[in-house]
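Undergrad: The structure follows.
Numbering (the working numbering), first residue to last: 12 to 208.
Have a look at this one:
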């Protein structure tokens, strides 16, 4: 997905200025596809140049006119086509997992502390997503259309964060056990077993 598609989705939900789209990214879309306000403004200009969005200049007192963007017919067609296209399967690139794979070459206590830090961050994110679900989707079982689709994206975020928290709990417990049962800090042995995996 490109930022262009995320902006088209935002405008399909409601017209808005670059600032308003940026705020929507800050509050919702950005949890799943992040962008800076500068990137949003630059992409809006490109979408306008490509004929996928239009804007209306709205006068403001003692300030420059603001541009309120909407999807053009071509933008709706592009969004419809993109939704129907196959999405690439995401490939996980996770530095923490690579560090865990190299644990025997470092300080295990430092790695455990880093795992706990990540667990805390994922726990906070999980709590935030659950709060969004409680606040914004109290009637999720009866939801249809856009409300259902937004809820399902949120549920995906909740499930991902639950998985991270559970995995990090497992990792921390296993590494704590390794440290408590190992006679010496891993990595200090004069000979290392060479493993090719």
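Even for Gly, the Cβ is constructed at its ideal location relative to N, Cα and C.
1. Could you tell me which residues DSSP pairs with residue 77 in its beta bridges?
2. Going by DSSP, what residue range makes up the alpha helix (DSSP H) through residue 9?
3. Classify residue 21: buried if its beta carbon has 16 or more other beta carbons within 10 angstroms, exposed otherwise.
4. Name the two residues that bound the continuous alpha helix (DSSP H) containing residue 159.
5. Express the C-alpha separation of residue 170 and residue 151 in angstroms, rounding to a whole number.
6. Of the choices 173, 58, 97 and 24, whose alpha-carbon is the least far from that of residue 136?
7. Determine the burial state of residue 49: buried for a count of at least 16 other Cβ atoms within 10 Å of its Cβ, exposed for fewer.
8. Which residues bound the alpha helix (DSSP H) around residue 96?
9. Among 24, 134, 47 and 23, which has the Cα closest to the Cα of residue 30?
10. How would you write the range of the alpha helix (DSSP H) that residue 150 sits in, first residue to last?
11. Should residue 15 be labelled buried (16 or more other beta-carbon atoms within 10 Å of its own) or exposed?
12. Count the other CB atoms within 10 Å of the CB of residue 163; is the residue buried (16 or more) or exposed (fewer)?
13. Taking Cβ positions, are residue 107 and residue 129 nearer each other than 8 Å?
14. Specify the secondary structure class of residue 15 as computed by DSSP and reduced to three states.
15. Relative to the C-alpha of residue 103, which residue among 187, 175 and 190 is closest?
16. Kindly indicate which three-state DSSP category residue 117 falls into: helix, strand or coil?
TA: Well, looking at it:
1. Here residue 77 is taken as the residue at index 66 of the chain shown, counted from 1. Paired residues: 69.
2. Given a span of 12 to 208 for the chain in the structure shown, any question on residue 9 remains unanswerable.
3. Here residue 21 is taken as the residue at index 10 of the chain shown, counted from 1. By the neighbour-count rule (16 or more Cβ atoms within 10 Å), residue 21 is buried.
4. By one-based count along the chain shown, residue 159 stands at place 148. Taken as a continuous stretch (DSSP letters only), the alpha helix (DSSP H) holding residue 159 covers 156-192.
5. For the purposes of this step, residue 151 is taken as the residue at position 140 of the chain shown. For the purposes of this step, residue 170 is taken as the residue at position 159 of the chain shown. Taking the straight line from one Cα to the other gives about 16 Å.
6. By one-based count along the chain shown, residue 136 stands at place 125. Answer by Cα proximity: 173.
7. Locating residue 49 in the chain shown gives position 38, counting from the first residue. Label assigned to residue 49: exposed.
8. The residue labelled residue 96 in the question sits at position 85 within the chain shown. From DSSP, residue 96 is part of no alpha helix (DSSP H); its letter is neither H nor E.
9. Position 19 of the chain shown, counted from the first residue, corresponds to residue 30. With distances taken between Cα atoms, residue 30 lies closest to 47.
10. For this step, residue 150 is matched to residue 139 along the chain shown. Note, residue 150: premise wrong, no alpha helix (DSSP H); not H, not E.
11. Numbered from 1 along the chain shown, position 4 holds the residue referred to as residue 15. Answer is buried; the Cβ neighbour count reaches 16.
12. Numbered from 1 along the chain shown, position 152 holds the residue referred to as residue 163. Around the beta carbon of residue 163, fewer than 16 other beta carbons sit within 10 angstroms, so the residue counts as exposed.
13. Translated into the one-based positions of the chain shown, residue 107 becomes position 96. Translated into the one-based positions of the chain shown, residue 129 becomes position 118. A Cβ-Cβ contact shorter than 8 Å links residue 107 with residue 129.
14. Your numbering for residue 15 matches position 4 in the chain shown. In the three-state reduction of the DSSP assignment, residue 15 falls in the helix class.
15. Within the chain shown, numbered from 1, the residue matching residue 103 stands at position 92. Distance from the Cα of residue 103 is smallest, within the candidate group 187, 175 and 190, for 175.
16. Residue numbering aside, residue 117 sits at position 106 when the chain shown is read from its first letter. It is coil, neither helix nor strand.
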